[in-house]
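Structure, as structure tokens:
Residue numbers (my numbering), protein chains in the order written: chain A, 156 to 344; chain B, 50 to 450.
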């Protein structure tokens, strides 16, 4: 070895097998080829041969059940939103991304106000979850699904009542609706 | 049949061959972009390309077909991109370079046989009635006894033509880098030049081993000689006669192709994209296409020299000649179909091996690349050639084949 060259502590020390190089190439190709054939066989036999998923269509396995994803407005059994338009969520929202327009609902004596329109601006929402905390009626929750954020226009990021009330409760194992312990307003009444 | 009409027939047949081969080559190259993506993904526990789709008109059915349309989307994207025109050092060279990169690769394939002899008159039986019999009678009347080797140019000096034309490919890279008026391009071009010249030598020397063993430079003859049996059980393929030559040729050919273990001419991490930094849109696409075309052509050459060419093991133009069993004669149409199908199958297999190498091995450093070429592969090629010559002299008494 050149004496002027320092002998580093992490200098690679290779045996004859590694020095020949071509044998190590075959070993490396064997490893990658083995993984390739194993995964290919899994795909061919209709199993999953990958650690990744078809992301927006499939839910990632590593989502927490308490993930703060898209907002949902819970519904009463008869189908109207549970929201009473008290505006607490819009007030507490640090991003000021909630807009509620209320309307009177004379048919329901217990809940005289209903949201006529309910907007959340996902271009500003920071997913802090304060709205969920503030709501006295358990009317707004956050699902573990993430919203479909890519949009062509800024206005497409404003989600409305239709979007917010399409909720599939069976996808939210953390919170069943109506709650089984009878704590909901309907059960107490 | 007059001489003129016979010549016209020959021209027609070769035109069909040429167009068919060109279409197949470009199709395979586009297909390989998909293979590369998917194979790399499956190797790395990923899913890979799966988004591009064709929508069936008037329905909402979207065909993704495992992402097969990504190649189409890529091609379309490159055609539609802005054709950016920089101020090159040499305008003509700048425009010429992508074509000089693609054309030699396509030309090399002209001498590669993709099937045995094709006798159009024997394809369909002329007896009986029905469409096929009528077709058989028509072809029989048209072609008579004429037969054609399934090859665009049936040249005696096939290997020499391959070496000569594939050498032109260097010019494309050099010209692109030199005319671009860009230091990254120039560095990439100088690297490409030295790398390709170095490995051209190894490639030529390793092919000499094949020439010595088979005693001919005619590709058709080489393939025909490989249809026999070795020691009674092995097919008499070049890879069994010359295993070391196979490795040398594969390495040299992959170095010629400038893909990842040898991608110093374009190395994305240091030279942006090397000698074609200044190219955009379809001019860049031609360089990319030439890479994938070269994978196909290298696979075709390796198939021809080392893997029995267009024949499955123990098969000749007449049918199978199995060891321990004897001759199994086949009609002409299945023979032609099997030969062309086998050739494409082998090409895909070897291409897959090249892609496997590309996604498995780390890159060389530049000095390592030169060291590998001149201090490792070249001596081995020379020694291999020496032993091949000695072996042939001892066992075959000086004559080839």
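Glycine included, every Cβ here is placed at the ideal spot set by N, Cα and C.
- Look at residue 224 (chain A) here: in three-state DSSP terms it is coil, with no helix or strand label.
- The Cβ atoms of residue 426 (chain B) and residue 251 (chain B) sit closer than 8 Å to each other.
- The region 384–398 of chain B makes contact with the region 357–370 of chain B: 3 or more CB pairs, one atom from each, lie closer than 8 Å.
- The three-state reading of DSSP puts residue 419 (chain B) in helix, counting H, G and I together.
- Its chain contains 433 as the residues whose beta carbon lies nearer than 6 Å to that of residue 293 (chain B), once the 5 sequence neighbours on both sides are disregarded; these appear in chain order.
- When CB distances to chain B are screened at a threshold of 7 Å, the residues of the region 178–197 of chain A falling below it are 180, 183, 184, 187, 188, 190, 191, 194, 195, in chain order.
- Residue pairing from DSSP places residue 258 (chain A) in a beta bridge opposite A:269.
- Neighbours of residue 196 (chain B) in chain A, taken as residues whose beta carbon is under 8 Å from its own, are absent, since the nearest beta carbon is some 41 Å off.
- Residue pairing from DSSP places residue 197 (chain B) in a beta bridge opposite B:167.
- Our two residues, residue 256 (chain A) and residue 334 (chain B), have alpha carbons roughly 54 Å apart in a direct line.
- For residue 86 (chain B), no Cβ of chain A is located within less than 8 Å of the residue's own Cβ.
- Counting the other CB atoms within 10 Å of its CB gives residue 226 (chain A) a total of 16 or more, which places it among the buried residues.
- In this structure, the straight-line span from the alpha carbon of residue 366 (chain B) to that of residue 414 (chain B) is close to 47 Å.
- In this structure, the alpha-carbon of residue 407 (chain B) lies about 15 Å from that of residue 397 (chain B).
- Here the alpha carbon of residue 231 (chain B) sits roughly 10 Å from the alpha carbon of residue 135 (chain B).
- In this model, residue 243 (chain A) and residue 280 (chain A) are separated by some 16 Å (Cα to Cα).
- By the Cβ criterion, the region 89–105 of chain B is not in contact with the region 169–185 of chain B, since fewer than three pairs of Cβ atoms, one from each stretch, lie closer than 8 Å.
- Annotation for residue 257 (chain B): 434 place their beta carbon closer than 7 Å to its own, counting only its chain and skipping 5 residues before and after.
- Assignment of residue 314 (chain A) by DSSP, reduced to helix, strand and coil, places it in the strand class.
- Taking C-beta atoms under 8 Å as the contact rule, residue 129 (chain B) and residue 83 (chain B) fail to qualify, at a distance of about 20 Å.
- In this structure, the beta-carbon distance from residue 429 (chain B) to residue 297 (chain B) falls below 8 Å.
- Residue 286 (chain B) and residue 164 (chain B) have their C-alpha atoms spaced approximately 16 Å apart.
- Contact check for residue 315 (chain A) against residue 272 (chain A) passes: the beta carbons are separated by less than 8 Å.
- In this structure, B:234 is the residue among B:70, B:249, B:61, B:234 with its C-alpha nearest to the C-alpha of residue 321 (chain B).
- Judged by DSSP secondary structure, residue 378 (chain B) falls within the beta strand (DSSP E) whose first and last residues are 375–378.
- Contact of residue 205 (chain A) with chain B is assigned, a C-beta pair being separated by under 8 Å.
- Using a Cβ-Cβ cut-off of 8 Å, residue 209 (chain A) is close to 96, 99 of chain B, given in chain order.
- Spatial neighbours of residue 370 (chain B) in its own chain (CB-CB distance under 6 Å, excluding positions within 5 residues in sequence) are listed in chain order as 363, 376.
- At a cut-off of 8 Å between beta carbons, residue 268 (chain B) makes no contact with chain A.
- Around residue 410 (chain B), the beta-carbon contacts reaching into chain A at under 7 Å are 180, 183.
- For residue 405 (chain B), the neighbours in chain A by C-beta distance under 9 Å run, in chain order, 184, 187, 188, 191.
- The C-beta of residue 318 (chain B) has fewer than 16 other C-beta atoms within 10 Å across all chains shown, which makes the residue exposed.
- Under the Cβ distance rule, residue 303 (chain B) does not count among the residues neighbouring chain A, no pair being separated by less than 8 Å.
- DSSP places residue 177 (chain B) outside any beta strand (DSSP E), giving it a letter other than H or E.
- At a cut-off of 8 Å, the C-beta of residue 385 (chain B) has no neighbouring C-beta in chain A.
- In the three-state reduction of the DSSP assignment, residue 215 (chain A) falls in the coil class.
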